[in-house]
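Letter by letter, the sequence shown follows residues 136 to 391 of the numbering used here.
Virtual Cβ for every residue (Gly too), placed ideally from N, Cα, C.
Have a look at the structure below before the remarks.
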Amino acid sequence: MRIRELVDWNIYWFLFMLAEFALLATIPYSITMSEDFLYDLGVSLPNLLATQFIRSTVILMISVFLGLYLGKKVGFGTPILNSLSEKRELPSETGSIVKLSIFIGLVLTVVIFVLDYFVFSMFAEPLIVTLTTPPLWERFLYSLYAGIVEEVVLRFMLVTLLVWISWKIKKTADGQPTRTGILISILIISLIYAIGYFLFNSSATIDQISALRFVVINGVAGIVFGCLYWKKGLEASLIANLTASFMLFVVLGSFF
């Protein structure tokens with residue numbers, strides 16, 4: 136098979152450039168949130184940013200390729216972008232997918248806010264207060280990163296990869312991934328990200344309640360986005376994540 140036939144390169148470059156822009160957009164927010172840590176680390180900020188950017192760029196290039204290549208094999212993908220790339224009419228359910236994704240993003244925002252501000256706040260300072268410390272414009276740019284890069288890496292690459300592995304192990308009668316394999320893949324990636332997010336953003340002295348909060352909130356969000364990706368495509372999970380991120384970091388964050 137020729138290289139140009141491996142994936143739809145129009146979609147590849149579109150998703151890669153979109154994610155790359157979102158990656159650049161997160162730099163101001165990341166610097167503000169990590170300022171004290173960077174000072175204590177005693178390293179050159181430009182060198183650190185350059186290293187992280189190069190590493191993240193490579194990850195994004197691999198993520199988009201694997202998502203497109205393996206997605207074709209297991210029935211996962213980008214239905215709306217496929218139609219645009221092939222100059223076909225958009226799927227008839229495009230409008231309903233967009234509306235559903237926005238609605239789910241809004242509902243998830245409420246769930247996360249209630250858990251963080253009303254449930255876990257009985258034991259620890261609300262996470263939203265800490266995460267919305269930077270200026271509004273930085274939070275807006277970061278919401279793009281949270282909504283786009285997370286979906287490209289976590290759902291498009293990692294969930295698809297695990298589903299492909301499960302498909303290699305066991306298929307349905309018509310050669311499709313099993314429902315159990317898909318659900319386990321979504322759950323595994325959601326938990327890995329939740330635990331990893333907690334470890335990366337936490338101090339060694341963090342209490343068990345705060346640890347549980349990280350795992351529960353990020354785990355629930357990951358499962359919701361994963362199921363949307365499975366049922367409706369990457370575009371749906373992107374829209375839902377962007378909606379939730381914008382509401383949490385920009386809208387609700389402006390009240391704290």
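For my contact list, residue i and residue j are in at a C-beta cut-off of 8 Å; report their separation, rounded to the angstrom.
| i | j | result |
| --- | --- | --- |
| Gly282 | Ser198 | That belief does not hold up - the Cβ atoms of Gly282 and Ser198 are roughly 15 Å apart, past 8 Å. |
| Ile263 | Gly388 | 6 Å |
| Ala157 | Val245 | Not quite, the Cβ-Cβ distance comes to about 24 Å (not below 8 Å), so this is no contact. |
| Ile215 | Pro226 | 7 Å |
| Leu383 | Ala375 | With a Cβ gap of about 12 Å, Leu383 and Ala375 do not count as contacting. |
| Ile300 | Thr213 | At roughly 21 Å, the Cβ-Cβ gap does not stay under 8 Å, so Ile300 and Thr213 are not in contact. |
| Thr192 | Glu155 | 7 Å |
| Trp365 | Ile330 | Wrong, their Cβ atoms sit about 22 Å apart, outside the cutoff. |
| Leu326 | Gly354 | 6 Å |
| Ile344 | Phe255 | 6 Å |
Return the bridge partner residues of residue i from the DSSP annotation.
| i | result |
| --- | --- |
| Lys306 | Pro312 |
With residue i as the anchor, note down where its alpha helix (DSSP H) starts and where it stops.
| i | result |
| --- | --- |
| Leu250 | Note, Leu250: premise wrong, no alpha helix (DSSP H); not H, not E. |
| Ala185 | Leu180 to Val209 |
| Gly354 | Gln343 to Lys367 |
| Phe156 | Trp144 to Ala160 |
| Thr267 | Taken as a continuous stretch (DSSP letters only), Thr267 belongs to no alpha helix (DSSP H), as it is neither H nor E. |
| Pro214 | Pro214 to Ser220 |
Tell whether a beta-carbon distance below 8 Å holds between residue i and residue j.
| i | j | result |
| --- | --- | --- |
| Val298 | Phe200 | no |
| Phe349 | Thr267 | no |
| Ile239 | Glu370 | no |
| Tyr204 | Leu141 | yes |
| Thr161 | Tyr332 | no |
| Phe258 | Val385 | no |
| Ser220 | Asp143 | yes |
| Trp302 | Val209 | yes |
| Pro312 | Met168 | no |
| Leu184 | Val287 | no |
| Leu243 | Val359 | yes |
Leaving out the 5 sequence neighbours to the left and right, which residues in its chain are closer than 8 Å to residue i when beta-carbon positions are compared?
| i | result |
| --- | --- |
| Ile324 | Leu289, Arg290, Leu293, Val294, Leu297, Gly357 and Gly361 |
| Phe248 | Ile263, Leu383 and Leu387 |
Excluding five sequence neighbours on each side, which residues of the same chain lie with their C-beta closer than 7 Å to the C-beta of residue i?
| i | result |
| --- | --- |
| Leu250 | Val351 and Ile352 |
| Ala339 | Residue placement at Ala339 cannot be trusted, given a pLDDT of 45 that sits under 50; the coordinates are not used to answer. |
| Ser165 | none |
Less than 7 Å between the CB of residue i and some heavy atom of the ligand SAH, yes or no?
| i | result |
| --- | --- |
| Lys306 | Ligands are entirely absent from the displayed structure, and the ligand SAH is therefore not among its contents. |
Near residue i, which residues of its chain fall below 6 Å by C-beta distance, leaving aside the five closest residues on each side in sequence?
| i | result |
| --- | --- |
| Pro163 | Glu273 |
| Leu377 | Gly282 |
| Tyr252 | Pro261 |
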